[in-house]
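Following: one structure in structure tokens, then a few remarks.
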Amino acid sequence: MYVQTRSIVVEKGNSSTVVERFSKQGALEEMDGLIDVSVMVNKKSKEHEEVLLLIRWESEEAWKNWEKSDAHLQGHKNSRGQEKPAYIISTTVNMYHVQTVKEGKAYGKRS
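Everything in the sequence shown is counted per my numbering, starting at 1 for the first residue and increasing by one.
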């Protein structure tokens, strides 16, 4: 399994806008090898909010196929030259090769 995380730190009160954007159906969900996308919010800080995306792929190859897909490249072309919204403080992307997954009792019961 291969996992991408994307941490988007935004000004207080703006996480719902980011969640809405990443909760919409799109070309990503149609890609072979995509396991799932989780969108999470951390509002613990008094200064900002964080939206964390966890995107799980069957393999690094599946992720690479997404990165070079027409749908992904077209999305970046469409946003080229646009400034990021002022409420976005920072974005950090990381990639991980999953080494171990331990299933708990509730595995398979989740929604």
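Ideal Cβ placement from N, Cα and C applies to all residues, glycine included. Since the structure is predicted, the reported quantities are computational estimates derived from the model, not experimental observations.
Query: With H, G and I counted as helix, E and B as strand and the rest as coil, what does DSSP make of Arg80?; Result: coil
Query: Can you have a look at Tyr2 and say buried or exposed, based on whether 16 or more other CB atoms are within 10 angstroms of its CB?; Result: buried
Query: For the ligand ATP, I want to know if Asn94 counts as a neighbour, meaning its beta carbon is within less than 7 Å of at least one of the ligand's heavy atoms.; Result: The model depicted lacks the ligand ATP and carries no ligand whatsoever.
Query: Just to confirm before moving on: does the CB-CB distance between Gln4 and Val101 stay below 8 Å?; Result: no
Query: Check whether the Cβ atoms of Leu28 and Val18 lie closer than 8 Å to each other.; Result: no
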